[in-house]
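Going by the working numbering, the first residue of the sequence shown is number 1, and it counts up by one from there.
C-beta atoms are modelled at their ideal positions from N, C-alpha and C, and glycine is treated no differently.
All values reported here derive from a predicted model rather than from experimental measurement.
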Amino acid sequence: MAQFTVMTHMHVAGSLHADAISIKPHWLQRPEDINELDSRLWSSNVSRGDDGVLRLAGLRVDDLAETVGTPLYAFDEADFRERARGFLEAFAGWDVFYAGKSFLSTRVAAWIAEVGLGLDVCSGNELVVALRGGMDPSKIGLHGNNKTTEELRLALASGVGRIIVDSLDEIARIEALTEELDVTARVLVRVTTGVEAHTHEYIATAHEDQKFGFSIQGGQALMALVRCQSSPRIELLGVHSHIGSQIFDTGAFEVAARRTMRLIAQFRQATGVDLPELDLGGGFGIAYTSDDTPSTPDELSSSLREIVEHERRAYGLKEPRYSIEPGRAISGPSAMALYTVGTVKVVDLEGGQQRTYVSVDGGMSDNIRPALYAAEYSAVLANRASEAAPMLCRVVGKHCEGGDILVRDVFLPSDLRDGDLIAVPASGAYSRSMASNYNHATKPPVVSVSGGQLTTLLRRETLEDLLALDTGAGVETAGL
């Protein structure tokens, strides 16, 4: 097969909308050994056995697929816990908050609680899951740009440790609820620093033209801080800043830290009060492909400590309590997705080129990120080894969309066939969390494996679950 042209970046809606057909991105190299696993992409307890079958914490993935079915998400529990501890140790003296939006279940909340991290939630429902998982409410933070009165009431009644306020309307709601419940609200004010990290437009969260936070540049942030400080039932903890997601280095944090420190200094000048806390956010990146080079927790810690200390001294501020939110850096690398191949189809392209489409039994309903963010992933043949030559493939789903792509470009064995298993690493963050029922697909299960033992975190959604929501589903239907 002729497979070698220069890459042009693909449109997020899929190859049908690209300016030109691309065959291979410049960074993707033809593998010398198609069976080799890149350890940077996989959790620590994934290996390929002598029989060629992938194993997750001692459990063969073909046995896992036979027991649970596909598609599925499988966490390496020990790896998850170790990554959480790694951030806690690297950032000793700081508070570390796991991002529940990346993936959350009651058991995951229990893991977080046992390791000793805090937990960020972004909705009342996530808060309920966290509490039922045994999280200490004082170690929970509630995010969101449009928190409802009911969500705020639940947070205040539960005693959450901090609410990250996002608007003047929200501050007014909190003030009314604290009177009603006779409690004090502990809050951080979310600010936008005007820094746009090197990430996709939809996940860059600190430039000015977006929905989150109070602008520092326009003076809104200082006004919000003073408003909270003057409120009799609000305890103002400090400032929260978040500049984006899937960030590989700390360069953008330097500018964000400078601007937030300047804001804290302005607040002190206006009120005479030193704010006790500064949350730098997170969004630290992970390796989805061999081209990704994320920093380690130790590297991030060393660099961030140097940045904030330099900026703090420059403004003559007392040292606040710092916190970070590693996000996907904990959950992302700790899980794989597992799919079954349905069809393998070679498509002829212009200029005598060809592309091989590998269709699997999942798709954009269980991982919308490639369609939404043009996110890149990797994949391997999981149920056997192969001696066949590599072929350049595009792994796609079964949905009625041209943009239903799971892995845009990857080399897989040329003897790939119906019934084979495909494993996709770095699938623990935002995949199952963002899953949908498009085409009435049922959401896949999430399991964890530790010491060869399987635990179900979320069971597979069923057709009966979907029909239970359909008020007309009581009508008898042929074939059901």
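(request) State the DSSP-derived secondary structure class of Tyr357, mapped to helix, strand or coil. (result) strand
(request) Compare the beta carbon distance of Ala74 and Leu338 with 8 Å and say whether it is the shorter of the two. (result) yes
(request) Give every residue of the same chain whose Cβ lies closer than 8 Å to the Cβ of Gln29, excluding the five residues on either side of it in the sequence, and list them in chain order. (result) Ser290
(request) Reducing DSSP to helix, strand and coil, say where Leu466 ends up. (result) helix
(message) For the structure I just gave you, are there three or more beta carbon pairs, one from the segment 236–254 and one from the segment 183–197, closer than 8 Å?
(response) yes
(message) If I follow the unbroken beta strand (DSSP E) through Ser448, where does it start and stop?
(response) Val446 to Ser450
(request) Could you check what DSSP says for Ser301 in three-state terms: helix, strand or coil? (result) helix
(request) Give me whichever residues DSSP pairs with His240 in a beta bridge. (result) Arg190 and Asp279
(request) Drop a sphere of 10 angstroms on the beta-carbon of Trp27, count the other beta-carbons inside from all chains shown, and report buried for 16 or more, exposed for fewer. (result) exposed
(request) Using three-state DSSP, classify Thr455 as helix, strand or coil. (result) strand
(request) Could you check which residue in Glu82, Ser378, Ile171 and Arg107 has the C-alpha nearest to that of Ile422? (result) Ser378
(request) Go through the segment 125–166 residue by residue and report every complete run of the alpha helix (DSSP H) that reaches 4 residues or more, in order. (result) 149–158
(message) Rounded to the nearest angstrom, what separates Asp50 and Leu406 at their Cα positions?
(response) 28 Å
(request) Taking only the alpha-carbon atoms, compute the straight-line gap between Asp420 and Gly52 and give it to the nearest angstrom. (result) 12 Å
(request) Apply the 10 Å Cβ neighbour rule to His440 and answer buried if 16 or more other Cβ atoms are within range, or exposed otherwise. (result) exposed
(message) With distance defined between alpha-carbon atoms, name the residue in Thr456, Arg83 and Pro413 nearest to Val68.
(response) Thr456
(request) Quick one: grab the DSSP three-state call for Gly332. (result) helix
(request) Assign Ala78 to one of three DSSP states: helix, strand, or coil. (result) helix
(request) Could you say if the segment 426–435 and the segment 393–407 meet the contact criterion of at least three C-beta pairs nearer than 8 Å? (result) no
(request) Label Cys122 either buried or exposed according to how many other C-beta atoms from any shown protein chain fall within 10 Å of its C-beta, with 16 as the threshold for buried. (result) buried
(message) Spatial neighbours of Glu461 within its chain, please: C-beta separation below 7 Å, excluding the five flanking residues on both sides.
(response) Thr442 and Lys443
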